[in-house]
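Trainee: The sequence shown begins at 405 in my numbering and counts up one residue at a time.
All C-beta atoms, glycine included, are put in the ideal place defined by N, C-alpha and C.
Model, not experiment: these values are computed from the prediction.
Below is one structure. I have some questions about it.
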Amino acid sequence: MIGSPEINKVIRKSLSPILKENDFNKLNTRNNWRWIDQCIWVLKISTVGNYFSDVSGWPPMSIYVDLGIYYVFIPSEEEIKKGTNGELLPKEYQCHLREELNCNLDQSKYTRHLDNPAERNRTDMWWVEPDGSNIEEVMEDIGKTFTENGLNWYINNTDLETAFTNIENEHNGYNKYYKAKYFAEYLKRKEKLDKYNHLFEQEKKRMDS
Numbered sequence: 405m406i407g408s409p410e411i412n413k414v415i416r417k418s419l420s421p422i423l424k425e426n427d428f429n430k431l432n433t434r435n436n437w438r439w440i441d442q443c444i445w446v447l448k449i450s451t452v453g454n455y456f457s458d459v460s461g462w463p464p465m466s467i468y469v470d471l472g473i474y475y476v477f478i479p480s481e482e483e484i485k486k487g488t489n490g491e492l493l494p495k496e497y498q499c500h501l502r503e504e505l506n507c508n509l510d511q512s513k514y515t516r517h518l519d520n521p522a523e524r525n526r527t528d529m530w531w532v533e534p535d536g537s538n539i540e541e542v543m544e545d546i547g548k549t550f551t552e553n554g555l556n557w558y559i560n561n562t563d564l565e566t567a568f569t570n571i572e573n574e575h576n577g578y579n580k581y582y583k584a585k586y587f588a589e590y591l592k593r594k595e596k597l598d599k600y601n602h603l604f605e606q607e608k609k610r611m612d613s
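In structure tokens form, the structure reads like this:
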């Protein structure tokens, strides 16, 4: 059965060079970062694990890939890990905008036996056979999907105006208002700053009551 060391070896062989070509500064196999202007790009590669496998029928080494952008002008509400040179190393879940890569492979030959239709049709994961026989194909598709889709998402949301618009389109709530008020402040949008400061304080009072 394929294990983490074998998965990591293929990541370093097939995906890490693609990330390096696209200026990711710190490559740590499954956790990768790029610092650009006021943004930190984060890419995390995970396997679904045994519990999810038992529940869903997907093999435990099946892979999903999460993307995130952390904006350094937004004060963090929790501690952010720092590297040896003091650089911020946010986790993917700590990012202010998040996305996931989707599989382009036809995985029906693997998933058609699953009981749950939602599991048969999902595209946010790559099926990895227990013996690892398709891991090269999986990693090739992850690299292709990153290049064709993930990279565009990163580039688009490194433009702060685009990112601010996307944040404004999120569901109303504490997290949206918190991010939006700091975006408005950084972009010097006084009217928007007043708006989101007011909404944030209202939401905070509601949550505290």
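Which same chain residues, not among the five before or five after K599, have their C-beta less than 6 Å away from its C-beta?
Mentor: Excluding residues within five positions, none has a Cβ falling inside 6 Å.
Trainee: Measure the C-alpha to C-alpha separation of R516 and N525 and round it to an integer number of angstroms.
Mentor: One C-alpha to the other measures close to 9 Å.
Trainee: I'd like to check one pair, K448 with N436: are the Cβ atoms closer than 9 Å?
Mentor: The answer is yes: Cβ separation under 9 Å.
Trainee: Grab me the residues of Q620's own chain with a C-beta within less than 6 Å of its C-beta, minus the 5 sequence neighbours each way, in chain order.
Mentor: No answer is possible for residue 620: it lies beyond the span of the chain, which begins at 405 and ends at 613.
Trainee: Have a look at T566, D563, E605 and flag the residue whose alpha-carbon is nearest the alpha-carbon of Y582.
Mentor: Comparing Cα-Cα distances from Y582 to each of T566, D563, E605, the minimum goes to E605.
Trainee: I440 by DSSP, collapsed to three states: which one?
Mentor: Note: I440 maps to strand in three-state DSSP.
Trainee: Express the C-alpha separation of T566 and A588 in angstroms, rounding to a whole number.
Mentor: Approximately 12 Å between the Cα atoms of the pair.
Trainee: Taking only runs that begin and end inside the stretch 464 to 499, name each unbroken beta strand (DSSP E) of 3 or more residues, in chain order.
Mentor: Runs found: 467 to 475.
Trainee: Looking only at its own chain, which residues have a Cβ that is under 6 Å from the Cβ of L509, when we skip the five neighbours before and after it?
Mentor: Closer than 6 Å at Cβ, skipping near neighbours: D545.
Trainee: Among the candidates E595, Q442, D612, whose CA atom is the shortest distance from the CA of L492?
Mentor: That would be Q442, whose Cα lies nearest to the Cα of L492.
Trainee: Between L505 and G554, which are expected to be in contact by the criterion C-beta below 8 Å, what is the C-beta distance as a whole number of angstroms?
Mentor: That belief holds up - the Cβ atoms of L505 and G554 are roughly 5 Å apart, short of 8 Å.
Trainee: Just curious, the beta strand (DSSP E) that K430 is in, first and last residue?
Mentor: Looking at the DSSP string, the run of the beta strand (DSSP E) that includes K430 is 430 to 432.
Trainee: Out of curiosity, what's the CA-to-CA distance linking T451 and K594?
Mentor: The alpha-carbon atoms of T451 and K594 are separated by roughly 44 Å.
Trainee: Expressed to the nearest angstrom, what Euclidean distance is found between the alpha-carbon atoms of Y586 and R502?
Mentor: About 17 Å.
Trainee: Using a Cβ-Cβ cut-off of 8 Å (strictly less than) and excluding sequence neighbours within five positions of Y514, which residues of its own chain qualify?
Mentor: The answer, listed in chain order, is W531, E533.
Trainee: Give the secondary structure of W445 by DSSP, where H, G and I count as helix, E and B as strand, and everything else as coil.
Mentor: Strand at W445.
Trainee: Distance, Cα to Cα, K413 vs I406?
Mentor: Using only the alpha carbons, I get a separation of about 11 Å.
Trainee: Along the chain, where does the alpha helix (DSSP H) containing R610 start, and where does it finish?
Mentor: Residues 594 to 612.
Trainee: Between the C-alpha atoms of L597 and Y590, what's the straight-line distance to the nearest angstrom?
Mentor: Between L597 and Y590, the C-alpha separation is close to 9 Å.
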